[in-house]
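Numbered by mature numbering (1 follows the signal peptide of the UniProt record, and there is no 0), the letters in the sequence shown go through residues -21 to -1, 1 to 571 in order.
The beta-carbon is built from N, C-alpha and C at its ideal position, and this holds for glycine as well.
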Amino acid sequence: MRTVLVVLLVFASLTVPRAAAAVCALSCDTLDPSRAAQESFPLPDKDINGRVLRLHVSGQDGMAWASIDNGRAGDAVWLDRSWDGGSTWDGLLGKASIPSTWTGTRTLMYNLTDPVGHRRGLLRACGDAQAVACTAWIYPTVCAAACDGSSPGTGDTEPVPYATIFGRTVRLHFDDRGMAWSSIDSGGSGDETWLDRSWDAGTTWPDGSSLGRTSVPAGATATQTATFAAQDPRGRLNGGAVRACGREAAHQEGACTAWARPAQFRVAAGVDALLWSYDIYRAWWPSSWWNSAVAVTALADSGVPDLDPVLARVFDVNRADFPASARSSDPIDGDFISRAIDDTAWWGLAWLAAYDRTHDSRYLAEATKIAGYVHGFWDPATCGGGVWWDRERTYKNAVTSGLYLRLAAALHRRLAGDTEWLTRARAAGDWYLRSGLINSAGLVNDGLTSTCANNGQTLWTYNQGLAIGGFTELWRATGDQSYLDAARRLADAAITGLTSDGVLVESCESGSCDDNQKQFKGIFLRYFGDLATAAGEQKYRDFVQRQADSVWLRDRDPLNRIGERWAGATPNAVDWRTQASGLEALIAAAAQ
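Laid out in structure tokens, this is it:
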């Protein structure tokens, strides 16, 4: 009986590997190593009774696999993956045994991190060859602008109020590189401070607890940690959050600041928060199709480096066809085309922005193909022109015609020797001005009635913005001053008629805005900012800056999340759509 009890106690003390759930990032777990984009060996080989245990990594894929060589039949190899810094792990991933007559084998590939689930992983290779042994865990240290454990750089900002505990003050700091550290002061010997780091906006921090924990030395009253990164570019993890914590020596309880993300540069901080919601595997922002196109445009326009792979993946993954409900309530027919003409046109503008950023001709070709599809719904037989909103040709509205105007004029300026799109752009602009879409106050209503009159429906900011952007681009394409004058009239009307106390307001904010309406103001600012740059008028630049300042100072939380109400009123919806919208205001201001 004593022997059985001892055996049970020993078994209970062992760390038992968990069953692993599949992780999907650029690819899903169990990809064959023959498909690896590259191969590197970040750790020394491990010897197990003369066998060679090796860990292989493809940084481009964000995946690893293990192999065992110089072995015998029955020797085994596998991967372990930990989500809590190596304390526990999912074990025996891809376990493979050497077949008879062979001397080696390998596992399949597994993801190093889980960007979709906001988890940072560690992997190691393990083998069993008459003894079990493992390599070290790879990449325990996070590196961004600098690596974990670095000394602070220049600059010192405190993004959140300090915390206090028993008369001590605990502070969170960021340097100009976005590296974080914590400090404790007004204390005594033995007091401690540390950082916690979370990849899921402060919900959990299994691999980032007590980072840099340090004690106040004898005779001192303060200390600080080394710095730690809040992003993991290698792991494709954006939106990492940190908080500073501290403890007084004589008590066990601690106190922490609020969670925060670095905010040294407005646009970069906004992009980081937007990418936190990006689904890297499906390559969009669930679950809004045209809204994802607007997010892509914001990234392309942002000027933030290292985003080209994101644009390329969205393009490659979503160029396919999808059934209804996979990306939109409508089927997607391939090449970003659907029965919703306006949804399709948003993707055309997105790929024009990607082309302007990268000069990759495939984006221009795609935008041209999309514009050709949209042009097929230009119909002078009804209302003298304009573009139908849907494939069924039920409605002529401002958004679709504004999108077409901007697309046509922009394509002319990017296609060498073009005359066709110039003719189309002129026709679209001239029709718009006489269509009746612009009311007597200079504001754009939603669309036209069946008798081709202004329908008096809601004044959405994005319709005003698209018209401003369309006429600004048409002026660039033609040099015709009348088009720039039209853009100015629309802008002046918006400053007067679409604001409250100088800050842009969407009409639905008197109640609640739906997921589409949350993005309208950012689209307006994108094109109002374009006019401000083109016209060079200070009043327009001042208006853009006022919107950006209000977004940043009144409508942003310590995690750099931007809400729907740019003046900061409550209640205030916050999600990736409001993030993309507010980001466009920051981008517009940065371009002035």
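Between A420 and A466, is the Cβ-Cβ spacing less than 8 angstroms?
-> no
Kindly give me the distance between the Cβ atoms of residue 604 and V56, rounded to whole angstroms, as I take these residues to be in contact under 8 angstroms.
-> What is shown of the chain runs -21 to 571, which leaves residue 604 out entirely.
Does the Cβ-Cβ distance between R30 and G106 come in under 8 angstroms?
-> yes
Is any beta-carbon of chain D found at less than 8 angstroms from that of D528?
-> No chain D appears in the structure shown, which is made up of a single protein chain.
Which word fits Q109, buried or exposed, when buried means at least 16 other C-beta atoms lie within 10 angstroms of its C-beta?
-> exposed
V(-12) classed as buried or exposed, judged by whether at least 16 other C-beta atoms fall within 10 angstroms | Note that V(-12) has pLDDT 33, beneath the 50 cutoff, so the model's placement of it is unreliable and no number is given.
P21 versus R336 - alpha carbon distance = 34 angstroms
Between the CA atoms of C3 and A302 - distance to the nearest angstrom = According to the sequence shown, residue 302 is Pro rather than Ala. Straight-line Cα distance between these residues: approximately 21 angstroms.
Can F207 be considered in contact with the ligand NAD, in the sense that its beta carbon sits closer than 7 angstroms to one or more heavy atoms?
-> For the ligand NAD, the structure offers nothing, since it holds no ligand at all.
Separation of V353 from N376, as counted between CA atoms = 14 angstroms
DSSP puts Y89 in a beta bridge; with which residues?
-> A43
Considering only residues of the same chain and omitting the five flanking positions on each side of T133, which have a CB-CB separation below 8 angstroms?
-> D154 and D155
Could you spell out where the beta strand (DSSP E) holding E563 opens and where it closes?
-> Unbroken run through E563 is the alpha helix (DSSP H), W555 to A569; no beta strand (DSSP E).
For the beta strand (DSSP E) that T276 lies in, which residues bound it at each end?
-> Taken as a continuous stretch (DSSP letters only), T276 belongs to no beta strand (DSSP E), being part of the alpha helix (DSSP H) at W268 to S281.
Helix, strand or coil for E399 per DSSP?
-> helix
Output the boundary residues of the alpha helix (DSSP H) element that contains F294.
-> D287 to N297
Pull up the distance between the alpha-carbon of A245 and that of N539, whole angstroms please.
-> One detail in the question is off: residue 245 reads as Arg in this sequence, not Ala. Computed Cα separation, rounded: 9 angstroms.
Output the distance between the C-alpha atoms of L254 and K25, rounded to the nearest integer angstrom.
-> 38 angstroms
Whose CA, out of V149, N297, G128 and S129, lies closest to the CA of P138?
-> V149
Would you check if the distance between the CB atom of Q210 and the CB atom of D251 is smaller than 8 angstroms?
-> yes
Please check the pair W368 and D358, which I expect to be a contact at CB under 8 angstroms, by giving their CB distance rounded to whole angstroms.
-> About 11 angstroms separates the two Cβ atoms, so there is no contact after all.
Is it right to say E232 is buried, meaning 16 or more other beta carbons lie within 10 angstroms of its own, or is it exposed?
-> exposed
Reduced DSSP secondary structure (H/G/I, E/B, other) of Q496 | helix
Where Q203 falls: helix, strand or coil (DSSP) | strand
Note down, one range per segment and in chain order, each beta strand (DSSP E) of at least 3 residues found wholly within the region 218 to 273.
-> 220 to 226 and 233 to 235
Straight-line CA distance for D459 to L453?
-> 8 angstroms
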